[in-house]
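Engineer: To start, I am sharing the structure in question, which I have written as structure tokens.
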Amino acid sequence: MARPELFDPVLADLDERIRAALRAADLPEVDPELEKPKIAEHGDWATTAALRLAKPAKRNPREIAQLIVDHLQVSDVIEEVSIAGPGFVNLRFAHRYHEDLVRRVLAAGDDYGRTSKAEPRTVNVEFVSANPTGPLHVGAGRWAATGDAIAALIEAAGDRVTREYYVNDAGEQIRRFGESIVLVATDQELGEAHYRGRAIGEVADTLRATHGDELFTVPPDGGGVEPHDGQPIEPDTDEAAGGDPRVDAAIAAHVGVLGVEVMRQRIEAVLHEMGVDYDRWFSEREGLHETGAIDATVQQLRDRGVAYDADGALFLRTTDHGDDKDRVLVRSDGRPTYFAADCAYLRDKASRADQLFYLLGADHHGYVARLKAAAACLGIAPDDVEIRIGQLVNLLRDGQPVRMSKRAGETIDLDEVVEEVGTDVVRYHFLRQGLDTTVDFDLAVVARQSMDNPVYYVQYAHARINSLLRAADERGFAHGSVDDADLSLLVHPAEMELMTAMAGLPLTVAEAAELRATQRLARYAEDLAATFHRFYTECRILAPADATDEERAAAEAVGRARYHLAVAARQVLANALGLLRVRAPERM
RNA sequence: GCCCCCGUAGCUCAGUGGAUAGAGCACCGGCCUCCGGAGCCGGAAGCGUAGGUUCGAUUCCUACCGGGGGUACCA
Numbered sequence: 014m015a016r017p018e019l020f021d022p023v024l025a026d027l028d029e030r031i032r033a034a035l036r037a038a039d040l041p042e043v044d045p046e047l048e049k050p051k052i053a054e055h056g057d058w059a060t061t062a063a064l065r066l067a068k069p070a071k072r073n074p075r076e077i078a079q080l081i082v083d084h085l086q087v088s089d090v091i092e093e094v095s096i097a098g099p100g101f102v103n104l105r106f107a108h109r110y111h112e113d114l115v116r117r118v119l120a121a122g123d124d125y126g127r128t129s130k131a132e133p134r135t136v137n138v139e140f141v142s143a144n145p146t147g148p149l150h151v152g153a154g155r156w157a158a159t160g161d162a163i164a165a166l167i168e169a170a171g172d173r174v175t176r177e178y179y180v181n182d183a184g185e186q187i188r189r190f191g192e193s194i195v196l197v198a199t200d201q202e203l204g205e206a207h208y209r210g211r212a213i214g215e216v217a218d219t220l221r222a223t224h225g226d227e228l229f230t231v232p233p234d235g236g237g238v239e240p241h242d243g244q245p246i247e248p249d250t251d252e253a254a255g256g257d258p259r260v261d262a263a264i265a266a267h268v269g270v271l272g273v274e275v276m277r278q279r280i281e282a283v284l285h286e287m288g289v290d291y292d293r294w295f296s297e298r299e300g301l302h303e304t305g306a307i308d309a310t311v312q313q314l315r316d317r318g319v320a321y322d323a324d325g326a327l328f329l330r331t332t333d334h335g336d337d338k339d340r341v342l343v344r345s346d347g348r349p350t351y352f353a354a355d356c357a358y359l360r361d362k363a364s365r366a367d368q369l370f371y372l373l374g375a376d377h378h379g380y381v382a383r384l385k386a387a388a389a390c391l392g393i394a395p396d397d398v399e400i401r402i403g404q405l406v407n408l409l410r411d412g413q414p415v416r417m418s419k420r421a422g423e424t425i426d427l428d429e430v431v432e433e434v435g436t437d438v439v440r441y442h443f444l445r446q447g448l449d450t451t452v453d454f455d456l457a458v459v460a461r462q463s464m465d466n467p468v469y470y471v472q473y474a475h476a477r478i479n480s481l482l483r484a485a486d487e488r489g490f491a492h493g494s495v496d497d498a499d500l501s502l503l504v505h506p507a508e509m510e511l512m513t514a515m516a517g518l519p520l521t522v523a524e525a526a527e528l529r530a531t532q533r534l535a536r537y538a539e540d541l542a543a544t545f546h547r548f549y550t551e552c553r554i555l556a557p558a559d560a561t562d563e564e565r566a567a568a569e570a571v572g573r574a575r576y577h578l579a580v581a582a583r584q585v586l587a588n589a590l591g592l593l594r595v596r597a598p599e600r601m
């Protein structure tokens, strides 16, 4: 778990002093495990060391707490040390701490909340990777928002990130996809196994526009057959491999490849619209099949002695690493399986990154064991392969399920939803909920601009600060620089609460990154917004229009301090939203 | 059958060993001569059940009950 003392020099010092007190009191040295009390009255930080020492030291925890306090020499940033409850040692900051914090935030600017690491790792974050045989559905929006935000969090926590999309553009499905396009383009009926839906027709139209009708009727190499005597050309089909008897296999394959690229671009466009931009679109066909990487990987697995032949097929011994059964790498007919491509891809990525992160939907949870086992078989440390499973999305409208089946017209694609409600709403809705919970995405609820959408609450706080600062400028409010402001005047409970909340961003970011828990940051932003709204309600910056000169003069010094506090709050809010890739608007 | 996830307020969700379990929505009652009421303040309301581990359990373990998903020489 992220440690608070790593993000704050004052806490680092405090941590060390508590350890020193334990030594001085002849107590076993345990980690102080500084934590934030839930209740503000208990102070700013607390240590539970005394509670945890009770057993080994065989003493009453309150006595131990007293010993700690007796030997603890705190710096003057700590104003109060007290013992409470069963043996908590509570610590309260002097006001100076909060004043420094405001200055720290303003000095750090956009970097406030980010941390650097002495030895950053390169983390490959793969997410979405939906088959490019159809448009993204709403559920994929969850992986887009979450994967992207997790990537941003990992970066903010000091590591390097590559965002990657694995394009499944090889194999059986591409031929079938090609056949589907050809059949639709030539007004023939689709078979049972074909892709259907509006998108197929759109791809067909796009291809017709760029390549002409011959694309669907003439094999890419010309077919070697000239039409003659008005006889239709017999398609050179591949029914043995499951091909449709009406479609030439070479045409299907060619159209499939072109169609996939059209679809991939559409996917790229909607993801871009959602603020998600990949560093790499990894083509299975180009990157693994055409380079021979699959064959090389299969050979390597043979050489490592982790593969064996049985029933004419080649199996990988994944059961040696916790899988339920060994997996087929090469079928008995000699074709490599999709799993073999997975292994090759794993190997490729491992050569480019220190850590491989996969975000998968719950419908893929069966992959976890075999993927981790495959990594182990390849000699990749299983700890360097992290697979997170997210639960699925229920698409609703007014509480009623919207069918997400493949049938034409019934699906609602991600681009339509993004168009309808906007990217901030879509992203935030997914990001504020944990990966382990099933998300209900109700189009009717999500379209409402109210507190049904907390994103507006947070954005409103940010817009409100901007409005406030604009009003100050318009009235010629002389705020001066923060160095000249007397921040010691910020003693109102709402001001204290706001400063305490702002101090929490770095730790929240670190924890959210570590746990891959975007909702932590979203909830933090909501809490901070609420704290600001309270401050706004209770603490005026500008004197009322009808104030007397005397009143105005009295309020001026504290107003200046509050002005800088508001600027700092805006910065923290903007940074939190920025990591979620949600806009922080100046007006709304 | 086996595997994974979930069960917290009427509803949607936070809270991965600490003190008095938190928000929003909905409901009830207050707050604008003044910087944006998309706001603020107050009220009522909850950890599925039964055991176990621990000084301490919503949190960890086991069983059970409910809900969701997965279990291919498919891609």
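Using this note's numbering, the first residue of the first sequence is number 14, and each one after it goes up by one. We put the CB at the ideal spot given by N, CA and C, even for glycine.
Since Ala212 and Pro148 are thought to touch, with beta carbons under 8 Å apart, how far apart are those beta carbons, to the nearest angstrom?
Structural biologist: Stepping through the first sequence from its first residue, residue 212 is reached at position 199. Stepping through the first sequence from its first residue, residue 148 is reached at position 135. Indeed, because the Cβ distance is near 5 Å, the residues count as touching under 8 Å.
Engineer: Using C-beta distances below 8 Å, list every residue in its chain close to Gly305, excluding the 5 sequence neighbours before and after it, in chain order.
Structural biologist: Taking the first residue of the first sequence as position 1, residue 305 is located at position 292. Excluding sequence neighbours, Gly305 sits near nothing in its chain.
Engineer: Rounded to the nearest angstrom, what separates Gly160 and Glu297 at their Cα positions?
Structural biologist: Position 147 of the first sequence holds residue 160. Position 284 of the first sequence holds residue 297. The straight-line gap from Cα to Cα measures roughly 20 Å.
Engineer: Pop quiz: Ala485 and Leu555 are said to be a contact at Cβ under 8 Å. What is the actual Cβ separation, rounded to whole angstroms?
Structural biologist: Within the first sequence, residue 485 is the residue found at index 472, counting from 1. Within the first sequence, residue 555 is the residue found at index 542, counting from 1. Their Cβ separation, rounded to whole angstroms, is 6 Å, which keeps Ala485 and Leu555 in contact under 8 Å.
Engineer: From the DSSP output, in three-state form, read off His207 for me.
Structural biologist: Sequence index remark: in the first sequence, residue 207 carries index 194 (1-based). Residue state, collapsed to three classes: coil.
Engineer: Return the residue from the list Tyr441, Ala375 and Thr331 that minimises the CA-CA distance to Met287.
Structural biologist: Along the first sequence, read from residue 1 onward, the residue named residue 287 stands at position 274. Comparing Cα-Cα distances from Met287 to each of Tyr441, Ala375 and Thr331, the minimum goes to Tyr441.
Engineer: Quick one, which of Asp562, Leu511 and Cys552 has its alpha-carbon nearest Gly572's?
Structural biologist: One-based indexing of the first sequence puts residue 572 at position 559. Among Asp562, Leu511 and Cys552, the Cα nearest to that of Gly572 belongs to Cys552.
Engineer: Is it buried or exposed for Tyr537, if we count other Cβ within 10 angstroms and need 16 for buried?
Structural biologist: Counted from its first residue, the first sequence places residue 537 at position 524. Buried, because 16 or more other Cβ atoms sit within 10 Å of the Cβ of Tyr537.
Engineer: Using only CA atoms, which one of Arg594, Gly214 and Leu541 lies nearest to Thr146?
Structural biologist: Indexing the first sequence from 1 puts residue 146 at position 133. Comparing Cα positions, the closest option is Gly214.
Engineer: By the 10 Å Cβ neighbour count, where 16 or more other Cβ atoms means buried, how is Ser142 classified, buried or exposed?
Structural biologist: Residue 142 sits at position 129 when you count from the first residue of the first sequence. It is buried - the Cβ of Ser142 has at least 16 other Cβ atoms within 10 Å.
Engineer: Does DSSP put Asp83 in a helix, a strand or coil?
Structural biologist: Along the first sequence, one-based indexing puts residue 83 at 70. DSSP places Asp83 in helix when its eight states are reduced to three.
Engineer: So what's Asp28 in DSSP terms, helix, strand or just coil?
Structural biologist: By 1-based counting over the first sequence, the position of residue 28 is 15. Three-state DSSP puts Asp28 in a helix.
Engineer: The beta strand (DSSP E) spanning Phe454 covers which residue range?
Structural biologist: Sequence index remark: in the first sequence, residue 454 carries index 441 (1-based). Here the beta strand (DSSP E) through Phe454 covers Val452 to Asp455.
Engineer: Which same chain residues end up closer than 8 Å to Arg315 when comparing Cβ atoms and leaving out the 5 residues on each side of it in sequence?
Structural biologist: Within the first sequence, residue 315 is the residue found at index 302, counting from 1. Excluding residues within five positions, the ones whose Cβ falls inside 8 Å are Leu327.
Engineer: Consult DSSP for Thr60 and reduce its assignment to one of helix, strand or coil.
Structural biologist: The residue labelled residue 60 in the question sits at position 47 within the first sequence. Three-state result, Thr60: strand.
Engineer: Skipping 5 residues on each side, what residues in its chain have a beta carbon closer than 6 Å to that of Phe229?
Structural biologist: Here the question's residue 229 lines up with position 216 in the first sequence. These residues qualify, in order along the chain: Val195, Ala198 and Thr199.
Engineer: Going along the chain, which residues of its own chain have a beta-carbon closer than 6 Å to the beta-carbon of Gln244, five neighbours each way excluded?
Structural biologist: Start at 1 with the first residue of the first sequence, and residue 244 comes out as number 231. The pLDDT assigned to Gln244 is 49, lower than 50, so where the model puts this residue is not dependable, and the model offers no usable value.
Engineer: In this structure, how does DSSP classify Val580 when only helix, strand and coil are distinguished?
Structural biologist: One-based indexing of the first sequence puts residue 580 at position 567. The answer is helix: DSSP assigns Val580 an H, G or I state.
Engineer: Between the Cα of Val115 and those of Leu511, Ala387 and Thr521, spot the shortest distance and give me the residue it belongs to.
Structural biologist: As a working note, residue 115 is residue 102 in the first sequence. Taking only the C-alpha atoms, the option nearest Val115 is Leu511.
Engineer: Since Arg16 is in the alpha helix (DSSP H), which residue starts that stretch and which ends it?
Structural biologist: Against the first sequence, residue 16 aligns to sequence position 3. Careful: Arg16 lies outside any alpha helix (DSSP H) and carries neither H nor E.
Engineer: What is the residue span of the beta strand (DSSP E) that Ile91 lies within?
Structural biologist: Position 78 of the first sequence, counted from the start, is the residue given in the question as residue 91. Per DSSP, Ile91 belongs to the beta strand (DSSP E) from Ile91 to Ala97.
Engineer: Going by C-alpha to C-alpha distance, which of Arg127, Asp26, Glu185 and Met601 sits closest to Tyr351?
Structural biologist: The residue labelled residue 351 in the question sits at position 338 within the first sequence. Ranking Arg127, Asp26, Glu185 and Met601 by Cα distance to Tyr351 puts Glu185 first.
Engineer: Can you list, in chain order, the residues of its chain with a C-beta nearer than 6 Å to that of Glu527? Leave out the 5 residues immediately preceding and following it.
Structural biologist: Sequence index remark: in the first sequence, residue 527 carries index 514 (1-based). Only Ala15 meet the Cβ criterion.
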